[in-house]
Each structure stands twice: as structure tokens, then as C-alpha cells.
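Participant: Every letter in the sequence shown is one number past the one before it in the UniProt record's numbering, and letter 403, counting from 1, is 403.
Idealized CB from N, CA, C, for every residue including glycine.
Pasting in a structure now, in C-alpha cells, and then I'll have a few things to ask.
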Amino acid sequence: MEPSQPIPLLLLLILLFFPSIIISSSSPPLPQTPSPSPKTSPSSSKPSPSPKPSPSSKPSSPSPTSSPLPSPKASTSPSSPSSSSSSSSPLDPKQLRALESLNIPTSKNPCSPTPLHNTTTCDNSKPFRHIISLRLSNCSSCPHRISGVSLSHLSNLTDLSLSNVQIKASGPYVILAHMNKLKTLTISNANLTGFLPKHVHSNLTHIDLSGNQLKGSIPPSITMLDSLETLNLSSNGFKGEIPSSIGDLISLKNLSLASNSFSGSIPDSISAIPELIHMDLSSNKLNGTIPKFISEMKSLKYLNLANNNFRGVVPFNSSFMKRLQVIKVGGNSDLCYNHTILSSKLKLGIAPCDKYGMPMSPPPSKDSSSSEDDRSDDDYDDDDDTSHKKGHHHGPNKVVLGVAIALSSIVFLIVFLILCSKCCR
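Listed below in C-alpha cells is the structure:
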């Protein structure tokens, strides 16, 4: 029996190494430990102080409108007038009297900004400086109602923002008549009454008159503003049809006409606005079918057509729906979607269509549809979730590890018994 001893030893080595080979082949590679970063000198580790923002750059609180619209960019003067301390020119006496008549709390020199008084910005003109920006929002120390006539004396304004303050004026025209340089206009939640002016200045790039009591229709002068990027007339009493000339606003990016009484159909000319991102026409009396050209608007990300009187089949395909970040079409009782094209998982708040293009079942109520209509790109992440689940299979399989450990234990037991039997002989 002595010559046959190397064979069990060789068998022992093979059986001992075989499970470890299985385990090592199925185990994941160890992550590399990052090399220690070089130590920085004490002088370089000190954070540099962040520059303090100037008071004039303090953003105003957004007006509570029916849809989220980007805030207008604060108009700036080329020479940064509010931060210039070298100019010693006084404020124009007429404009100073206008400020005093408004009873707006300002410093003794409104053109010298301080952290407590940042409502005004002035230019550096001589012999008198002029106010070019007036921004008031939730002003608790302002008078009960600000005079529109006194505001009109600030004729050099390029930026006027009044939010959640009460204004006494018979209409926007009283305020805007002499503001030929105005670029951004925000008068929201100010209890402003009257009609839109028939003539507006062509420099305007931002108009927000939401949350007031304005009435009438949209005048043609509004649609002649080639540089207008934002038009927000939501939550007013406007009526009539949306003018077909609205397609002439070629620079428009944000359009909100929600919560009014507009009627008729969506004009085809809207398709000519190349960079329209946000369109909210909800809570009106619009009717007819939803035009198919909307699905061809490449820049559109937000679309709200809820709570109108639209009928027929939603003409959108799945690729257009994926491109949108928000879509709301609920609250249109005669509107339905083609279930062979659009998935029911989208939760549009409307019923699927039957073979005649009519809703198959009663749609949800308007109250519940608003909550179901909110949708983001997460609704289309099914593929991503699937791939994410597939990616969870990292490292060795638990079954393989269990089998390898069991085999190694059995082999060790057999070898141990063989050695014991040889030693006992």
C-alpha cells in the first residue's frame, strides 16, 4: 500500500482547489480603493468668500397663477446704475414726488440701495437720475391701494413688477401710457380692472397680468410684439376667441390664458410659434377637436387643455407624449384617447374611445381629473426600471456559492475519513 499513497494526496489537492476555483470565478472583482488625495496647504483649503448679491438682484416672489411660468429676467442697465457710488446726481424731482405720492417706503435717497430698501433702481443720467426699475411684492408697509396715476409718472421704467399689492386704476392704460421704455411688466394679483390697452409699446418682452379682474378680448396690438417671450393673462375675465394673429408672436415661449372665458377653437396659427415651451389654455370654454399640429411642435414641454369642451379623439402619439413633461386634458367629457396607440397607464383623466370615436365609459369628474392629469417623464420610465432591475444581478449567484461550499465540505469530510483510516492501520 505504500506506493499508492501519492494518488490519494493528488486527489486531495484537486478536490480542495476545485471549489475555490468555482468560488473565485463567480465572485465579482473587488472595487479599487481610491488613492489618497494629496494634502492641500492650509492657505488653499480656506474657502473663498462668496460675493454678496446686490439688493437690486433680489428676486420677487412669484405670483400665484394657475400654471407655473418662469420668472422674468430682471432688466439690467448697461452701466449697473444701482451699484454705482461715483454718481452724485440727485433723483429727478418729478419722480421723487411721484414716489412720495405713492407712499411707498423708501430711503431718503431712493437711488442709494440698502438691504432694507431694494424696491427701486436708478440710472446714472445727469443732471438728474431716473428710476428704471420698481419691484414690489407682498408689501405690508405699502398703502392700501397704490395710485395708478402716480405710477404713470415713472416714465423711465424698463422693469415694473407689482405682485400681491392693490392698485387703484381704471385700467392698465392709465399706468402704461407714458412708459415707452418698458420691457418687463408684471402686475399680478393686484385687483386691477378694465381692459387691455389698444396700443402697447413694442419693447415689451414679458407681460404678466394674471390674477386680476380684467375683461374684454385680446387686442391686436398684443400680437404685434415681435420680442414678447411671456404672455400670462390667466385668472381674469377675458372672453371671445383667441385671435388668429397670436401666431405672429414668433419669440413667444410661455403662453398662459387659463381660467378665463375664451371660446372657439385653438387657432392653427399657434403652430407657427417655433419656440413655444409652455402652453396653458385650461379652464376656458374652448371647443372643437384638439388640433393635430400640436404634436408637431418640437419645443413644447408643458401642455394644459383641461376643463374645456373639447371632443373627439386625442391626436397625440406615444413619441409626442414622451417628449412632454406635463400634459393635462382631463375635464373634457366628450374627449377620449385611442387605446391602441396610447397606454392606459398614462392616466390622462379621460376614457378610451370606442370604434365610433366616442368615450367608452363616463370620464372621471373634473375634481379628480386635475390630480390624475399631473404627469412627468417618470410615467415613461418603464424601460429604465426594467433595465435597472436587470442590473441588480451583480456578483456571484447565491446558488453557485451554496453548491461550492457544500462540495468543499463533503470533499473535506471524505479526505479526513481517508486520512483517519490510514492512520489507524
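Taking Cβ positions, are Ile132 and Asp159 nearer each other than 8 Å?
Facilitator: A contact, by the Cβ cut-off of 8 Å.
Participant: Alpha carbon to alpha carbon, what distance is there between His130 and Leu157?
Facilitator: Computed Cα separation, rounded: 8 Å.
Participant: Using the Cα positions of Lys422 and Leu407, report the straight-line distance between them to the nearest angstrom.
Facilitator: Distance between the alpha carbons of Lys422 and Leu407: 23 Å.
Participant: Rounded to the nearest angstrom, how far is the Cβ of Ser147 from that of Leu176, given a contact under 8 Å?
Facilitator: Actually they are not in contact, since the Cβ atoms of Ser147 and Leu176 sit about 14 Å apart, beyond 8 Å.
Participant: State buried or exposed for Tyr302, treating a residue as buried only when at least 16 other CB atoms are found within 10 Å of its CB.
Facilitator: The residue is buried, with at least 16 neighbouring Cβ atoms inside 10 Å.
Participant: Could you tell me if Tyr356 is buried or exposed, where buried requires 16 or more neighbouring beta carbons within 10 angstroms of its beta carbon?
Facilitator: So Tyr356 ends up on the exposed side.
Participant: Along the beta strand (DSSP E) that carries Glu241, what are the first and last residues, could you check?
Facilitator: Element bounds for Glu241: 237–241.
Participant: Reducing DSSP to helix, strand and coil, say where Cys420 ends up.
Facilitator: In the structure shown, Cys420 sits in a helix (DSSP, three-state: H, G or I).
Participant: Hey, would you say Ser227 sits closer than 8 Å to Thr205, going by beta carbons?
Facilitator: Against a cut-off of 8 Å, the Cβ pair of Thr205 and Ser227 comes out as a contact.
Participant: Would you check if the distance between the CB atom of Asn164 and the CB atom of Asn191 is smaller than 8 Å?
Facilitator: No.
Participant: May I have the straight-line CA-CA distance separating Phe128 from Ser271, to the nearest angstrom?
Facilitator: Each residue's Cα considered, the two are about 47 Å apart.
Participant: Determine the contact status of Ser295 and Phe316, defining contact as a CB-CB distance below 8 Å.
Facilitator: Contact: yes.
Participant: So, using beta-carbon positions, are Phe238 and Phe262 closer together than 8 Å?
Facilitator: Against a cut-off of 8 Å, the Cβ pair of Phe262 and Phe238 comes out as a contact.
Participant: Rank Ile167, Arg135, Ile218, Asn180 by C-alpha distance to the C-alpha of Asn189 and give the top, closest one.
Facilitator: It is Ile167 whose Cα lies nearest to the Cα of Asn189.
Participant: Note the first and the last residue of the continuous beta strand (DSSP E) segment covering Met279.
Facilitator: Taken as a continuous stretch (DSSP letters only), the beta strand (DSSP E) holding Met279 covers 278–280.
Participant: Exposed or buried, what is Cys122 when buried is set at 16 or more other beta-carbons lying within 10 Å of its beta-carbon?
Facilitator: It is buried - the Cβ of Cys122 has at least 16 other Cβ atoms within 10 Å.
Participant: For His253, which of helix, strand or coil comes out of DSSP?
Facilitator: Per the sequence shown, residue 253 should be read as Lys rather than His. In the structure shown, Lys253 sits in coil (DSSP, three-state: anything other than H, G, I, E or B).
Participant: Starting from Gln325, trace the beta strand (DSSP E) in both directions and tell me its first and last residue.
Facilitator: Counting along the chain, Gln325 falls outside any beta strand (DSSP E), and DSSP gives it neither H nor E.
Participant: So what's Ser133 in DSSP terms, helix, strand or just coil?
Facilitator: Strand.
Participant: Measure the C-alpha to C-alpha separation of Arg311 and Cys111 and round it to an integer number of angstroms.
Facilitator: Using only the alpha carbons, I get a separation of about 56 Å.
Participant: Determine the closest residue to Ser251 out of Leu209, Leu276, Gly171, with distance taken between C-alpha atoms.
Facilitator: Of the listed residues, the one whose Cα sits closest to Ser251 is Leu276.
Participant: Smallest Cα separation from Lys347: which of His178, Val326, Cys142, Ile242?
Facilitator: Measuring from the Cα of Lys347, the nearest candidate turns out to be Val326.
Participant: Within a Cβ cutoff of 8 Å, which residues of the same chain sit near His339, ignoring the five residues on either side of it in sequence?
Facilitator: Excluding positions up to five away in sequence, the list reads Pro352, Cys353.
Participant: From this set, Lys181, Pro143, Cys142, which residue's C-alpha is nearest His153's C-alpha?
Facilitator: Comparing Cα-Cα distances from His153 to each of Lys181, Pro143, Cys142, the minimum goes to Lys181.
Participant: Distance check for Ser265 and Glu241, CA to CA, integer angstroms please.
Facilitator: The straight-line gap from Cα to Cα measures roughly 8 Å.
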